[in-house]
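Under this note's numbering, the first residue of the sequence shown carries the number 1, and numbering increases by one thereafter.
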Amino acid sequence: MKNKISNISLTLYCLLLFAILIAPKTTKAQEWSEPITIFQGTYYAEDLDFVIDNNNHIHVVWEYYMSDNLRKILYSKSTDQGETWSEPYDIVNNISLWMCGPKIAVGPDNKLYVTYTYNASTETTSRIHMQIFDGNIWGEPIDISEGMSSSHESSLVMDKRGILHIFWHRFSTRELLYRTYSNGDFSPISRPYPSDKRVSNTKVQLDKYNNIHAITSELSQSGVSHITYFKKVRNIWTYPDSVCKPRYVSMSLAIGKNCEPHIVWVSRANYMDTTHYTTLIDNRWQTSVLTPKRSNKHSLIVELNGTVHIVQSEETGTGYNQMHYTLQNAICVSQIIESGERKFYNHKLVTKDTLLYLMFFNSPSSNSNIRLLIRKLKIENQNPNSIEQTADLKGFTLRVFPNPSKIHKGIKIETNSTSSVQVEIYNIKGFLVFKTTAPPSQNIMETKIPPGVYLVKAVSDKQVKTETIVITE
């Protein structure tokens, strides 16, 4: 018993072991392009979604706030990889109603399909409408919810056969509804999730074998949200599998090269957020803490070579950081894309050929003077036959020792950088317990902290390094 770690549950210890496996290592920073403005408005905007068609044209839709009960669905496109954009177009021609939550999909013939919540001001009036763009004109709205009141939160996925899969929720019953659309015909409405369960905020993705994967938030009888995972294989929906059970704030889903699910989600406790990364390893869910910073509006995607990209906004003492995390071959690298007083939110990542596209909103804390922006990143190692080796970043190191350590011994934190280094330590709940700034050159600092699992984070010249440590009694 003396050798067991005191006051640390088996769950936290397993979390620690997995976190060590993906502890960030040193690699060359990736260069994102400068942001290009797609739209700039006086009011608030949210819920962007975009796709890239077979001609490499980019299509984006978003919700634009005009007043409390007037919100438009706007559309714009680019034919030159996001360098220039068409004037925003109100596809609904709405002058008096609240439209929200647009989702977009593209078919093999480059037709566009957009769903949104129609007349969302009250539960009794809200429906799910869909409009189709054939390349020349937008079709008339179709009520795919067939008059069901309190319909909202639609999701879309287009499969490889050109069949559109449509999901949405009913707020009044918290049930998940589903139907398909193909060649002008709709399937009957069905329920892919157990009817006795209450769910919301479903995310869906397609794998290379045309199977649909989904995560959703299931609400227990006690009112606690659970993230669950289910999928459709050979036209059969699997029974939901519980991923995690703490209260969560937001979540995103991507599918890996071996059809495994990757999930990023944010938990909240005592008004503090922690971002987690979860995936299936040997048919078991494995979760690690990505960052204890207060964060929101993340997105993730997996390249064909297995590299995982995660982008999210994280609050700082003076504003916000737009963060980019990459995970590959058990190595995690983090990078600050941009810092500033303006908020970054509603991130969406899409890959096409050798480019990773990032679209997001940027606005002051007052939620006015909104900007819709796009960045691009050249994807390295996309072709497995021409792998480029990344060089080690020189001059910036972090070492924490001993690890594990005992409370009476404390820890030593060694940094070495040509610039100053900000060092922070967070506990498992995401609270900051230690903070200091080390000058350029090599430095060793000592501190003592109570028993537990901690994340040590060092930032220098927009490069971020972290180590997970254990303190025992």
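By construction, the Cβ of each residue, glycine as well, lies at the ideal position given by its N, Cα and C atoms. None of the values given here were measured: they were computed from a predicted structure.
| Query | Result |
| --- | --- |
| Contained beta strand (DSSP E) runs [length at least 3] in the segment 274–301, N- to C-terminal order | 284–291 |
| Close-in-space but distant-in-sequence residues of the same chain around residue 39 (CB under 6 angstroms, 5 per side omitted) | 88 and 372 |
| Spatial distance of residue 180 from residue 70 (CA atoms) | 30 angstroms |
| Close beta carbons around residue 425, own chain, < 6 angstroms, minus the five adjacent residues each side | 433, 434, 454 and 456 |
| Cα-Cα separation, residue 185 to residue 163 | 10 angstroms |
| Segment limits, beta strand (DSSP E) that includes residue 225 | 225–233 |
| Residue 56 to residue 296 span [Cα, whole Å] | 29 angstroms |
| Among 319, 324 and 357, nearest to residue 290 - alpha-carbon criterion | 324 |
| Inside the segment 113–155 only - beta strand (DSSP E) runs reaching at least 3 residues | 127–133 |
| Given 8 angstroms, three or more beta-carbon pairs between the segment 257–270 and the segment 305–317 | yes |
| Residue nearest to residue 146 in terms of C-alpha spacing, selected from 137, 132, 117 and 121 | 117 |
| Which listed residue (342, 249, 144 and 312) has its alpha carbon closest to that of residue 131 | 144 |
| Where residue 346 falls, given that 16 or more other Cβ within 10 Å makes a residue buried | buried |
| Closest residue to residue 203 among 233, 119, 165 and 183 (Cα-Cα distance) | 165 |
| Segment contact, 8 angstroms Cβ cut-off, at least three pairs: the segment 46–63 with the segment 323–342 | no |
| Residue 430 vs residue 292 beta-carbon contact at 7 angstroms | yes |
| Residues of its chain near residue 477, where Cβ-Cβ distance is below 7 angstroms and the 5 sequence neighbours each way are ignored | Residue 477 lies beyond the residue range present for the chain, which begins at 1 and ends at 473; the question has no answer from this structure. |
| Cβ shell of residue 216 (< 8 angstroms), same chain only, five flanking positions each side left out | 176, 193, 199, 200, 201, 202, 203, 227, 228, 230 and 240 |
| N- and C-terminal bounds of the beta strand (DSSP E) containing residue 72 | 70–78 |
| Cβ-based burial, residue 341 [other Cβ within 10 Å; buried from 16] | exposed |
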